[in-house]
């Protein structure tokens, strides 16, 4: 019983009273479930994950992302979703170089094809 009380008070101390969010790591792998689990999980889960992957890939492809303050420590905020608290990034468009067309017929070997 005493260990249960100590554990409860430790959890309360680890919670930010202003936001009600936890400051520590997830205590269980099932604590954060954005799409739920089981047969009744979110019907759009695969679409959302695919869309997020495409957006991230295009962001990295088209922009140079750098931290404004490299010495800053990143604090994690757990509300409805997990996000960093005040992570300031600077985005600069990448230099895009046009691709030269490759002319290669079906009957020509790969070595004969040139850019």
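Numbering (full-length UniProt numbering), first residue to last: 1 to 115. We put the beta carbon where it would ideally sit given N, CA and C, even for glycine. Quick caveat: nothing in here was measured; it's all calculated off a predicted structure.
Close beta carbons around residue i, own chain, < 7 Å, minus the five adjacent residues each side
i: residue 36; result: 42
i: residue 87; result: 74
i: residue 47; result: none
Segment limits, beta strand (DSSP E) that includes residue i
i: residue 66; result: 63 to 67
Per DSSP, the bridge partner or partners of residue i
i: residue 91; result: 65
i: residue 75; result: 85
Contact set for residue i: own chain, Cβ-Cβ below 8 Å, skip 5 residues either direction
i: residue 85; result: 74, 75, 76 and 77
Cut-off 6 Å between Cβ atoms - residues of its own chain near residue i, not counting five sequence neighbours on either side
i: residue 66; result: 90
i: residue 55; result: none
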